[in-house]
Amino acid sequence: MTSTTSTPLSGTGRLKQSAMSAGNTSRRRMRKDLIRSRIAAWTAVLVIGAFGLLPVYWLLATALSSPEDAFQFPPKLIPTHITFSNFTALAENDQLIKYMINSLVVASITAVLSVVVATYMGYSFSKFRYRGRRSLMHMVLASQMFPQALLLVTLYAVFSSFGLLNTYTALVLSFTTFTMPLCVWMLKGIFDTIPDALLEAASIDGASRWRTLHSIVAPLAAPGMIAAGLFAFVRGWNDFIFAVTLADKEKQTLPPGLVSTYIGEFQAAWPELMAASLVVSIPVVVAFMFLQRYLVGGMTAGSVK
Amino acid sequence: MTTSGISRRGALRMFGIGALGMAGVGALGACAPSPSNSGSASNGGDTKSKDFDFTSWSLNEEAARPAIEKIIAAWEKAEKSKVRAVSYPYNEYLSQLTLKLGGGETTGAIHLDIAWLAAVAQMGKLADLGSVAPKGGYTDVALKSGVYDGKQYGLPWNTGSIGVIANSKLLAKAGIKKHPATVEEFEDALRAIKGLGGGVVPYAAATKVAQLKDIFPWMQTFGCTLMDGEKVTIGDDASVDAVTWYKKLHDAKLIAADVDRFDARALFGQGKAAFYDDAVIGKGVTAAQSKDKTLADAMQPMMRPVLRSGDTPQALLWGGVIAIVNGKGQDAATEFALHTTSDLATTSEYFTSRALPPSTTAGLADPKVAQDTFTTEWTEKITKTATGSPFWQFAQNAQIEEAVAKQVQAVLVGKSKPKDAMRKAGEEVAALIKR
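Residue numbers (this note's numbering), protein chains in the order written: chain A, 1 to 305; chain B, 1001 to 1435.
In structure tokens, the structure reads:
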């Protein structure tokens, strides 16, 4: 060992050492680059995460604050006295539970109806050729281009004339009107990726068109259908303006219900509103947690052919 | 496989079809049989029906609902009738009411903010209550708040004003012995309070667009009439002077940036503001939010300072009226409105639960009200000279307020000169009125 270190290096040895040194420098540089890129990635994750999660934190912090603390000026990032009274007050409010049931009913029916109708429409657009098909497709898409509030007055008049105001039907139909186009196009994209040969094979095996759709195509398109259903559910769950206009207090859903209950002429009960918002977002969060893999798969399924 | 790409031809077709579709939906809506005679003044139905609807935003609010439900329950029991309570959130109330009144869905009695009366009365669906109003014993100021275009469309329920509230403890601390009466004295008082330090905002005046309509009484204080006949006077020297003064307070940190009513209450509640603008009900709201349980006793209504001694203090009238929709249940709804707004026992109990001053002479003289120093002082110092906004008569009132507020804010943040901003605000308001 000693002799090796003391022996002068030959030309090849110097070259080797130089190569090793260059390799070490390169590795160090790579390691530094890796560390830098990791730091950059984590910084980006933290910044984006903070951007997304800070409002949720603020929601939670306010929900756990007393009204006096919530109205502190300047606001405090961490509540000094934590209270659960805003949550216990929710449990005692029967009207809020009614709003929640209404939301669940309306959003669920909207999701199911949107998926069922969009499945048939999307399948028709994807797998059949008939006169007016493209025009119909574009008309469905065009309906997405109009501000929803623009149709509010018209829909109100239509539902009023049919005696449907203050019913679940009015809410479900109006929500479905707006969820349908995206669901149809999403599902059409998914059906496009299913090879026609599969349908032909089913036909040769004696399956009718209905059987082919229900037994062969639908199971393959399930992730897309779940994604479309989730989209429709969230749309129905979150809507404010149609719910407040088309339904009375008995049929009203959570968004207008929460505003009515907590935002008044003179003051807003922010801590209670935040507690209620936190609680009512749980069903949607849980649904996303269980179905997120379908959602991602379904949204991108039709994107690559 | 089909292609889902959209060609130019396809896009044109799409727009064409979309437009046709919209026209079709519009036509469907237009052709839809209206449940009422929407073109007529009446919403139809049996005017003699004992059952009617009562629409009020307060029926949603925890603080107000029990008191109003009690009034309704007592009426139903006494008259053996059924009153259907209808409600929309306050911020959505006017748009929902307009839509549903136009569609014939709203009947009976409707609770209106006095600022909305003109917009709703213009729809031609409200009953003239001129023959009923004299029976109520309302004060002159209150009665006027229910008048539009010379007709009594609303029976005043609660009549108050937006005025200045002072914190007597902070004033005493700053060595201010009496409320400032003139703008000059007010400015001196603000500087004295600023001298206390500790991050105190002497005057928590509105500086956010949403609440900058509070500038109107200050403009009037400086001599701007806002409107002269049909002419908009915003942009005149007085309005420019008022905004220049406001900007001076802002630059001297005597008022703070980014403050609305909620922020002002929070600041005042924490003893960090000596003055702020609010309605009479603000005392209860602000005191409830404050950790200082002695704050309520320190809150005092203050006459808005005037430009020159002897001028009339300016304040914006504020309150609610009950109007009646022509048609189903009209007669019973009118009796209900009269009872709710003028029956002494009813108004007295309503005052006890909500601290909203009644609109009748007898109601104000009731011991429960008369013994409430804050309310009586408010009525005497502020409401007595309060006036409605000349812009309330226009359906575009909210847009007018916003247009002026945006220009004032542009001045405060240094993006515009007061003269340019007020000229522009005046032009915008005039254009909105012509629309």
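Heads up, the beta-carbon is just placed ideally off N, CA and C, and yes, glycines get one too. In this text, all values refer to a predicted model and were calculated from it rather than measured experimentally.
Task: Complete runs of the alpha helix (DSSP H) confined to the segment 82-119 of chain A [at least 4 residues] - done: 85-91
- [ ] May I ask you to list, following chain order, the residues of the segment 244-273 of chain A that have a beta carbon less than 8 Å from some beta carbon of chain B?
- [x] 244, 245, 248, 249, 256, 259, 260, 261, 263, 264, 265, 266, 267, 268, 269
- [ ] Starting from residue 1162 of chain B, follow the beta strand (DSSP E) in both directions and report where the run begins and ends.
- [x] From DSSP, the beta strand (DSSP E) with residue 1162 of chain B extends over 1154-1167.
- [ ] Would you mind stating whether residue 1162 of chain B and residue 1251 of chain B have Cβ atoms separated by less than 8 Å?
- [x] no
- [ ] Could you tell me which residues DSSP puts in a beta bridge with residue 1300 of chain B?
- [x] B/1166, per the DSSP bridge assignment.
Task: Interfacial residues, the segment 108-124 of chain A to chain B, with Cβ spacing under 7 Å - done: none
- [ ] Determine which residues share a DSSP beta bridge with residue 1227 of chain B and list them.
- [x] DSSP, once it has assigned bridges, lists B/1232 as partnering residue 1227 of chain B.
TODO: Could you tell me if residue 1342 of chain B is buried or exposed, where buried requires 16 or more neighbouring beta carbons within 10 angstroms of its beta carbon?
DONE: By the 10 Å Cβ count, residue 1342 of chain B comes out buried.
TODO: Would you identify the three-state DSSP class for residue 1178 of chain B, choosing helix, strand or coil?
DONE: coil
Task: Three-state secondary structure (DSSP) of residue 1202 of chain B - done: Reduced to three states, the DSSP call for residue 1202 of chain B is strand.
TODO: Please name the residue in A/238, A/268, A/262, A/236 whose C-alpha comes closest to that of residue 1263 of chain B.
DONE: A/268
Task: Stretch-stretch touch, CB-based, cutoff 8 Å, three pairs: the segment 269-276 of chain A with the segment 76-90 of chain A - done: Short answer: they touch.
Open item on the list: Looking at the strands, I want to know which residues DSSP matches up with residue 1324 of chain B.
Closed with: B/1109
Open item on the list: Just verifying my parser: in three-state terms, what is the DSSP assignment at residue 233 of chain A?
Closed with: helix
Open item on the list: For residue 64 of chain A, would you say it is in contact with chain D, using Cβ-to-Cβ distances shorter than 8 Å as the test?
Closed with: Here the protein chains are A and B, and chain D is not one of them.
- [ ] Would you kindly work out how many angstroms separate the C-alpha atoms of residue 1410 of chain B and residue 176 of chain A, rounded to a whole number?
- [x] 43 Å
TODO: Kindly indicate which three-state DSSP category residue 1252 of chain B falls into: helix, strand or coil?
DONE: Reduced to three states, the DSSP call for residue 1252 of chain B is coil.
- [ ] Could you tell me the boundaries of the alpha helix (DSSP H) in which residue 1350 of chain B lies?
- [x] 1344-1354
TODO: Quick one: grab the DSSP three-state call for residue 181 of chain A.
DONE: helix
Task: For residue 1292 of chain B, three-class secondary structure by DSSP - done: coil
Task: Exposure label - residue 1120 of chain B; buried when at least 16 CB within 10 Å - done: So residue 1120 of chain B counts as buried.
Open item on the list: Please return the same chain residues whose Cβ sits closer than 7 Å to the Cβ of residue 2 of chain A, not counting the five positions on each side in sequence.
Closed with: Per-residue confidence for residue 2 of chain A stands at a pLDDT of 40, beneath the threshold of 50, marking its modelled position as unreliable; the derived number appears in the next sentence. Excluding positions up to five away in sequence, the list is empty.
- [ ] Could you confirm whether any beta carbon from chain A is found closer than 8 Å to the beta carbon of residue 1307 of chain B?
- [x] no
TODO: Note down the Cα distance separating residue 171 of chain A from residue 111 of chain A, rounded to an integer number of angstroms.
DONE: 12 Å
Task: Where residue 1087 of chain B meets chain A, residues with beta-carbon distance less than 8 Å - done: 249, 260
Task: 4 or more residues per run - each alpha helix (DSSP H) lying fully within the segment 1066-1144 of chain B - done: 1090-1102, 1117-1121, 1140-1144
Open item on the list: Assuming residue 1243 of chain B and residue 1421 of chain B are in contact, meaning their beta carbons sit under 8 Å apart, how far apart are those beta carbons, in whole angstroms?
Closed with: About 7 Å separates the two Cβ atoms, so the contact holds.
Task: Buried versus exposed, by CB contacts within 10 Å (16 or more), residue 20 of chain A - done: exposed
Task: CB contact flag (residue 100 of chain A, residue 244 of chain A, <8 Å) - done: no
TODO: Can you give me, in chain order, the residues of the segment 1264-1292 of chain B that have a beta carbon less than 8 Å from any beta carbon in chain A?
DONE: Cβ contacts with chain A: 1265, 1266, 1267, 1269, 1270, 1272, 1279, 1281, 1282, 1285, 1288, 1289, 1290, 1291.
Task: N-terminal and C-terminal residue of the beta strand (DSSP E) that residue 1374 of chain B is part of - done: Where residue 1374 of chain B is concerned, there is no enclosing beta strand (DSSP E), although the alpha helix (DSSP H) it sits in stretches over 1373-1381.
Task: Cut-off 8 Å between Cβ atoms - residues of its own chain near residue 1031 of chain B, not counting five sequence neighbours on either side - done: Any reading at residue 1031 of chain B must be qualified, since the residue scores a pLDDT of 43, below 50, and its modelled position is unreliable; no value is offered.
- [ ] Report all residues from its chain with a CB closer than 7 Å to the CB of residue 1388 of chain B; omit the five preceding and five following residues, and keep chain order.
- [x] Excluding sequence neighbours, residue 1388 of chain B sits near 1114, 1145, 1317.
Task: Sufficient close CB pairs (3 or more, under 8 Å) joining the segment 1163-1171 of chain B to the segment 1270-1285 of chain B - done: yes
Task: Proximity test, Cβ basis, 8 Å: residue 1197 of chain B and chain A - done: no
Task: Three-state secondary structure (DSSP) of residue 1316 of chain B - done: strand
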